[in-house]
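Each remark here refers to the structure printed beneath this line.
If you want it as C-alpha cells, here you go:
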C-alpha cells in the first residue's frame, strides 16, 4: 500500500501536527507492508530540527520518499508571516500547497492520501481515496469548515474528545469513522540529564511556546511557588512566538533561578525521565498530546488539564493529575502536594506506565491504522465500481 502524506509545514516547523506524521511514518514502515511519499515544501525558512532528524533516519529506507516542492515566487510573501501566529497563515499556505501537490498526486498515483490539517488536501484526483486525521479541534467558528471536511472520503480522530469537539462545530455532523490514538516507542532508553541535581524539584514542560499551551499559567504558578519554596525549578523545552514574552516575565519577576528556557531539544525524553514531575496546562484545542503519554510512561507523574480529552487516559489521582485550565493557584497547590509527598507516589507512577504500555504501543496503532486504510480504499473502489456500472 502506497500512502501519500500531505504536510506542507513539516520541513520548517516543529509542532505536534508536524511531529506526529514523521513519527508515524518512521514506525509504520517497520510494522506494516506500506510505503510513504511525503509531500512538503522546499522551504525558504530555516529547516526544522525535527525534520532534519527524520530525513537522516529514513535516508536509506526505500519505503519512504520525500518530495520537497519549491515555493513559487508569488507565494513567497506568505512566508514573511511568522509561522504559528494565526490560522489564516496556515490556511492560506495549505490552499497554495494543495494546488502545487495536485499534479504530483496525478503522476504518482498513490493508493491513499493522508492529511493532518483540514485544508491540506481538499482538492485531489477523484479516484484516490483520502483520509483526514484530526489531531486537535478548532477554537473558533468557520463558514467554510463543513465544505472542506466533506471533500475527504474518510475522517478519523486522535481522541474521542477531538471527534466530539469537531461535531459541536459542524452542521451537519461528520461521520468520524475511527478513534486512533498515536503510538509510542517504548523501547527508548533515556539518559539522566547531568544538570538535574538533588538540590531542586525539577519540573519539565515540553511543547510550543504559544498561548494555548498554558505557558502563562506555568509562569504564574512559578511566581507563586517562588514565595513558598526556593528549590523548585521549571525547565521549558521548546520554541515559539511567546519566547520574548516568557523572557520578559522571567526578567521582570526575577525568576531566573526558578524558570529555565531550554529551547528546542532533540533528547526530550532525557529531560522527561530526569524530572520529578511533568506539567502540561493546555487551555484548549488539543487532541491527545503525545508528550503527555510519553511523560506518563517515562516519568510517571504528570499534571495536565481538564477538558482536552485527558480524561480519556487519566483518572485524577490514580495515574495522573488534572487541574483546571488558567488556574495557576490550583496548579501551584498540586505541585506543592506532589513535592511534599513525592516518596509516596510509586503506585501512581506504576499505574501511569501500565496505562500506556497496554493501550498506546505502535503495534496497537499500526493494526488499527491498517484497518482504517484498507476500509477507505475498499469503499472508494466500491464507489467507482458503482459509477461505472
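Numbering (our numbering), first residue to last: 530 to 918. We put the beta carbon where it would ideally sit given N, CA and C, even for glycine. Keep in mind it's a predicted model, so treat the numbers as computed, not measured.
Requested in this report: Provide the residue span of the alpha helix (DSSP H) that contains residue 604, from first to last.
Outcome: Element bounds for residue 604: n/a, residue is neither H nor E.
Practice item. Pick helix, strand or coil for residue 670, following the three-state DSSP scheme. Key: Residue state, collapsed to three classes: coil.
**Request:** Have a look at residue 626 and residue 615 and give me their C-alpha separation to the nearest angstrom.
**Result:** Approximately 17 Å between the Cα atoms of the pair.
**Message:** Contact between the region 760 to 772 and the region 790 to 800 is defined here as three or more beta-carbon pairs at a separation below 8 Å; is this criterion met?
**Reply:** Of all C-beta pairs linking the region 760 to 772 to the region 790 to 800, three or more are shorter than 8 Å, placing the two stretches in contact.
Exposure label - residue 829; buried when at least 16 CB within 10 Å
So residue 829 counts as buried.
Presumed contact (8 Å Cβ cut-off) between residue 648 and residue 698, rounded CB distance: Your pair residue 648 and residue 698 does not check out as a contact, with CB atoms roughly 15 Å apart and the cut at 8 Å.
Residue 835 by DSSP, collapsed to three states: which one?
-> The three-state secondary structure of residue 835, taken from DSSP, is coil.
Look at residue 857 and residue 750 and say whether their C-beta atoms are less than 7 Å apart. Yes.
Taking 7 Å as the threshold (beta carbon to beta carbon), is residue 723 in contact with chain C? Here chain C cannot be found, since the structure has a single protein chain.
Worksheet item: Using the rule of at least 16 other Cβ atoms within 10 Å of the residue's Cβ for burial, across every protein chain shown, is residue 757 buried or exposed?
Response: Around the CB of residue 757, fewer than 16 other CB atoms lie within 10 Å, so the residue is classed as exposed.
Just mark residue 869 as buried or exposed, buried being the case when its beta carbon has 16 or more other beta carbons within 10 Å.
Classification for residue 869: exposed.
message: I want to know whether the region 531 to 538 touches the region 632 to 645 - three or more CB-CB distances under 8 Å.
response: A contact between stretches requires three or more CB pairs, one per stretch, nearer than 8 Å, and the region 531 to 538 meets this requirement with the region 632 to 645.
Q. How about residue 577 and residue 542: do their beta carbons lie closer than 7 Å?
A. Yes, the Cβ-Cβ distance between residue 577 and residue 542 is below 7 Å.
Q. With a CB to CB cut of under 6 Å and the five nearest residues on each side skipped, what residues in its chain are close to residue 662?
A. The residues are 645, 685.
Would you decide whether residue 804 is buried or exposed? Buried here means 16 or more other CB atoms lie within 10 Å of its CB. Taking a 10 Å sphere around the C-beta of residue 804, we find 16 or more other C-beta atoms and assign the residue as buried.
Margin query: On a Cα-Cα basis, can you pick out the residue from 784, 882, 583, 880 that is closest to residue 556?
Written below: The residue among 784, 882, 583, 880 with its C-alpha nearest the C-alpha of residue 556 is 583.
Let me check understanding here. Comparing Cα to Cα, which of 848, 820, 908 lies closest to residue 799? Of the candidates 848, 820, 908, the one whose C-alpha sits nearest the C-alpha of residue 799 is 820.
Exercise. In terms of residue numbering, what span does the alpha helix (DSSP H) encompassing residue 718 cover?
Worked result: No alpha helix (DSSP H) contains residue 718, which DSSP labels as neither H nor E.
(message) Suppose only complete runs of 4+ residues qualify. What are the alpha helix (DSSP H) ranges in the region 748 to 827, listed by chain order?
(response) Fully enclosed alpha helix (DSSP H) runs of 4 or longer: 772 to 781, 797 to 803, 819 to 827.
Could you check what DSSP says for residue 567 in three-state terms: helix, strand or coil? Three-state DSSP puts residue 567 in a strand.
> Would a C-beta distance cut-off of 7 Å place residue 837 and residue 811 closer than the cut-off?
Replying inline: Contact: yes.
Just to check my reading of the structure: residue 682 and residue 659 have Cβ atoms closer than 8 Å, yes? What is that Cβ distance to the nearest angstrom? That belief holds up - the Cβ atoms of residue 682 and residue 659 are roughly 5 Å apart, short of 8 Å.
Note to self: Is it buried or exposed, residue 617, if we count other Cβ atoms within 10 angstroms and call 16 or more buried?
What the structure shows: It is exposed - the Cβ of residue 617 has fewer than 16 other Cβ atoms within 10 Å.
Suppose contacts are defined by Cβ-Cβ distances below 7 Å. Is residue 909 in contact with residue 753 by that definition? Going by C-beta atoms, residue 909 is not nearer than 7 Å to residue 753.
Apart from the five residues just before and just after residue 779, which ones in its own chain have a Cβ nearer than 7 Å to its Cβ?
Counting only Cβ-Cβ distances below 7 Å, and skipping sequence neighbours, we find 785, 788.
What residue does the beta strand (DSSP E) around residue 697 start on, and which one ends it? Counting along the chain, no beta strand (DSSP E) covers residue 697; the unbroken alpha helix (DSSP H) around it starts and ends at 689 to 697.
Point to revise | Straight-line gap, residue 894 to residue 877 (C-alpha atoms, nearest Å) | key: In a straight line, the C-alpha of residue 894 is about 25 Å away from that of residue 877.
inquiry  = Tell me the residue span of the alpha helix (DSSP H) that contains residue 624.
reply    = Where residue 624 is concerned, the enclosing alpha helix (DSSP H) stretches over 616 to 637.
Using a threshold of 7 Å, state whether the C-beta atoms of residue 664 and residue 846 are closer than that.
-> By the CB criterion at 7 Å, residue 664 and residue 846 fall outside the cutoff.
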